[in-house]
Amino acid sequence: MSKHRIVLEPGSADRHYWRDLWTYRGLFGFLAWRDVLVRYKQTAIGIAWSVLKPLLTLGTMAFLGWLFESKVPGDVPRLLLVAAATLPWTFFSTAFSEASNSLISNSNLLTKVYFPRLIVPASTIIVCLIDFLISFVIVLVLMGVYCFTPDARLLLLPLFLLLALVTALGSGLLIAALNVKYRDFRYIVPFIVQAGLYVSPVAFTSADIRNSARIPEAVKWLYDLNPLVGVIDGFRWCLLGGRTELHTQGFLVSTAVSLLLLVVGIRYFRRTERGFADVI
Amino acid sequence: MAAPIITVEHLGKRFQLRHKQHERYTALRDVMAERVKGLFRRSAGETTEEFRALDDVSFTVNAGDRVGIIGRNGAGKSTLLKILSRITPPSSGRVTIDGRVASLLEVGTGFHPELSGRENIFLNGAILGMSRTEIASKFDEIVAFAEVDRFLDTPVKRYSSGMYVRLAFAVAAHLEPEILIVDEVLAVGDAEFQRKCLGKMRSVAGEGRTVLFVSHNMDAVQKLCNTGLLLNKGRLIASGSMEDVVRSYLSARDGSNGRFEVAPPKEEGVPGAIIDVSVSTREGGVSSEVPVLSPFEISVRFRIDRELEHLIAAVGILTQLDMPVRTIWSAPQRIAPGMHEAVFHIDDVMLAAGRFKLTIGLSNHERSFHHAEDAAWFEVLDAARATESRIVNYRSGLVLNQSRVDISALTKPPHEQSRQSNAPAPPEPALRRPAA
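Right, here's the structure in full:
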């Protein structure tokens, strides 16, 4: 019996799935590399887009916050407050929508070659991480401009980035798998992203919601169910040296929702992935 | 005897087909209503039917075997390969594979048009399961095989289709799995390329690796494979030595000695259909064997359902490697509904011995409504003519027109030259054409 023995049976999950995932790690990198290479082909300003895009979003969000008189805590410049939130939000929204459509746009691969399907949505998220790093440098530059020095909390940032990644991966896997069968999700995804921007603390802060007199106390807990609340509050807390509040209970609730999404996403994806080639 | 490398037991694959009784014209409103209903349950007026793409298929493959899988379109060949490649799961049965599998179900899977040849070699290699170091070590070989070294940094969208296919095959040909699964890749590319691919696949098989190969090209499978599997409508109907399996495939196809039934057109609502095709000689009647250089007829029977203004019937004669040899069209004519027969008389015959395939087509107003590729075949036999013993088969050329070869000396033999060294040189004999 060779160590490469494979048994194919109806319904049985692959016993060697995670080992296969490791074997195909090279493909993971190559798909991400392909997406990076192809990204700005045939655009006039090329790579400059990855700097311009976050700057435009940042400007719009800061303007909205100013317009709606969102409260700025202490000595934090509004632009920095918004930048600390735009950073994870942009990462999540692009990673989520790219991952959701990744299986459909790679359908030619799915019907012709075997590899653990998880690689496709996961590799698109890697590409978004590269954009994130570029945006992160922009935020650092912005901090320099405002002579704002972050404190040691900055070192915790990778943890919150991981949380953002978990949220994007979980929801992305779930929608990607559903999208294979029901193309309706292709139209739902932009809506989720659009609505998500309004219920997540990007232009405003979580303090605005928690201290609002107009929102009844009884429904405020709903706010924390948004997994992005934990991610964005965490980013602000790290980047702005604790000048914004990290509401413990709210953070735990939305982190739990993120983890739940990951578990549900992976399980649904794994259950349906063997049939992808038949229905795509 | 070594243990089998692939064991397939009672393998089955079912699909649910949904039939909808849909109206010709659908309004957006109806579509939306269907969508809402259809999202959670099947709408009314919809019936499901089970389609068995594979049904109770069992076989084993030993290490080092070169297996040819043949059968008509829709026999389940591709489904079988997809299950063995782990692209799609079986619905029943069990497959055990002891080895690393690489499959090539399509030439150029995952090629990205915007990327250069160099980048695509790495990408495609990774998709087919090669590691970066493996690709890098074979890079030069791949480039040499594909003959694209000058265009390595050009995006493949600017490649000619020939270059594209060569590059794609070159990457796949340098895989080194224990089991290689190949689906009809020879259907693309020109004859030279096909020859090269076949040679490469033979050397892969020569290295003791196991090859599973699907093809419609009987010539190629017979050259490459030692054992064969014949599928028909999802069932395995013959297995054994490749020659035997090819023979039973050909005899199964050929209904009653030289008469070939043609499957009905795939589209609905066409004004008619080809029914069958036969080849006959003046002396021998209907037969799929035609003696070399003797006239023959191709007769196509077809049904016309409504009067047509401008019917054209056409026959294409192709080699086994899908190279067109001759296409013959009837003059356009008005035709009444009913059964008809078109007879194509081939009087000036110049086909070399070998097997030829026929493609049949019917069209109205230059719009084809039934096109049957690979509808029939016939064999030109050379045994009948002892005088033409030099004609072996069409490997030495497709046509046999009458030609004469004269050989004459351009220089004098050495002994004559030395004796007549002072005499004026004779006029240079040109490469003379024989007088007509």
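Residue numbers (the numbering used here), protein chains in the order written: chain L, 30 to 309; chain V, 37 to 472.
All residues carry an ideal CB built from backbone N, CA and C; glycine is no exception.
Predicted model, so just to flag it, every value in this text is computed and none were measured.
The C-beta distance from residue 215/V to residue 340/V rounds to 50 Å, too long to meet the 8 Å contact threshold.
Counting only Cβ-Cβ distances below 9 Å, residue 210/L has no contacts in chain V at all, with the closest Cβ about 11 Å away.
Residue 156/V carries a helical assignment under DSSP once its states are collapsed to helix, strand and coil. Within chain V, the residues whose beta carbon sits less than 7 Å from that of residue 55/L are 162, 167, 168, listed in sequence order.
For the segment 352-384 of chain V, there are no residues whose beta carbon sits under 8 Å from a beta carbon of chain L. At a cut-off of 7 Å between beta-carbon atoms, residue 123/V makes contact with chain L. Shown in chain order are the members of the segment 65-85 of chain L whose Cβ falls below 8 Å from a Cβ of chain V: 66, 67, 70, 71. Beta-bridge pairing by DSSP links residue 236/V to no other residue.
CA-to-CA, the gap between residue 48/V and residue 255/V works out to about 29 Å.
Close CB contacts of residue 255/L within its chain, under the 8 Å cut and outside five residues either way in sequence, are with 225, 228, 229, 283, 286 (chain order). Nearest Cα to residue 253/V within the set 272/V, 273/V, 271/V, 286/V: 286/V. Here residue 300/V is not bridged, per DSSP, to any residue. Between residue 387/V and residue 412/V, the C-beta gap is not smaller than 7 Å, which leaves the two residues out of contact.
Chain V has no Cβ within less than 7 Å of the Cβ of residue 274/L.
Under the Cβ criterion of 7 Å, residue 190/V is not counted among the residues facing chain L.
Within chain L, the residues 63, 66, 67 have their CB atoms less than 9 Å from the CB of residue 148/V, given in chain order. Across the segment 140-157 of chain L, CB contacts with chain V closer than 7 Å involve 140, 141, 142, 143, in sequence order along the chain. It is roughly 9 Å from the alpha-carbon of residue 277/V to the alpha-carbon of residue 261/V.
The C-beta of residue 126/V comes closer than 7 Å to at least one C-beta of chain L. By the beta-carbon neighbour count (other beta carbons within 10 angstroms, threshold 16), residue 377/V is exposed.
According to the DSSP assignment, residue 138/V belongs to the beta strand (DSSP E) that extends over 137-140. None of the residues of the segment 120-134 of chain L has a beta carbon lying less than 8 Å from any beta carbon of chain V.
At a cut-off of 7 Å between beta-carbon atoms, residue 130/V makes contact with chain L.
For residue 443/V, the number of other beta carbons within 10 angstroms of its own is below 16, and it is reported as exposed. DSSP places residue 79/L in the helix class (H, G or I) of the three-state scheme. For residue 159/V, the closest Cβ of chain L is nearer than 7 Å. Residues of chain V whose Cβ lies closer than 7 Å to the Cβ of residue 206/L do not exist, since the nearest Cβ in that chain is about 15 Å away. Straight-line spacing of the CA atoms in residue 266/L and residue 183/L works out to 9 Å. By a beta-carbon distance limit of 8 Å, residue 44/V contacts residue 131/V. Their separation comes to about 5 Å. At least one CB of chain V lies nearer than 7 Å to the CB of residue 59/L. Pairing residue 195/L with residue 122/L gives a Cβ-Cβ distance that is not under 7 Å.
By the neighbour-count criterion, in which 16 or more other beta carbons inside 10 Å mark a residue as buried, residue 374/V falls on the exposed side. Exclusion of the five residues before and after residue 101/V leaves 246, 262, 263 as the residues of its chain whose Cβ lies within less than 7 Å of its Cβ. Annotated three-state conformation of residue 209/L is helix, per DSSP. When the alpha-carbon of residue 160/L is set against those of 149/L, 116/L, 206/L, the nearest one is in 116/L. Take residue 233/L, set aside five residues on each side of it, and the residues of its chain with a beta-carbon closer than 8 Å to its own are 94, 97, 99, in chain order.
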